[in-house]
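A.B. asks: In the working numbering, the protein residues as written are 6 to 74.
No residue lacks a Cβ here, since even glycine has one placed at the ideal position from N, Cα and C.
Quantities reported herein were computed from a predicted structural model and do not represent experimental measurements.
Have a look at this one before I ask anything.
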Amino acid sequence: GWLKILPIEGIDMSRQFWIIQHKDKIITRLMAEFLKFCELVAEHHLGRECLSSPWKLQSLLAQSRGGAR
């Protein structure tokens, strides 16, 4: 199925997340990719809508790769 955002007047459902890392932790390639994804979502002020379909997620990732070149 598909997800759709339905705004509810007067209710702010936004949340703020923090990523905390141990200073001596080695960052693996997979961890680095996940952190980059989190930065992208935050940078574009996206929430769950970028995950509502594979095409939206692919579009976001393609834009980030295009801008990084």
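1. Quick one: measure Cβ to Cβ for residue 7 and residue 58, integer angstroms, because I've assumed they're closer than 8 Å.
2. Go ahead and label residue 74 buried or exposed: buried means 16 or more other beta carbons lie within 10 angstroms of its beta carbon, across all protein chains shown.
3. In three-state terms, what does DSSP make of residue 61?
C.D. replies: In short:
1. 7 Å
2. Unreliable placement is indicated for residue 74, whose pLDDT of 40 sits below 50; no coordinate value is reported for it.
3. Look at residue 61 here: in three-state DSSP terms it is helix.
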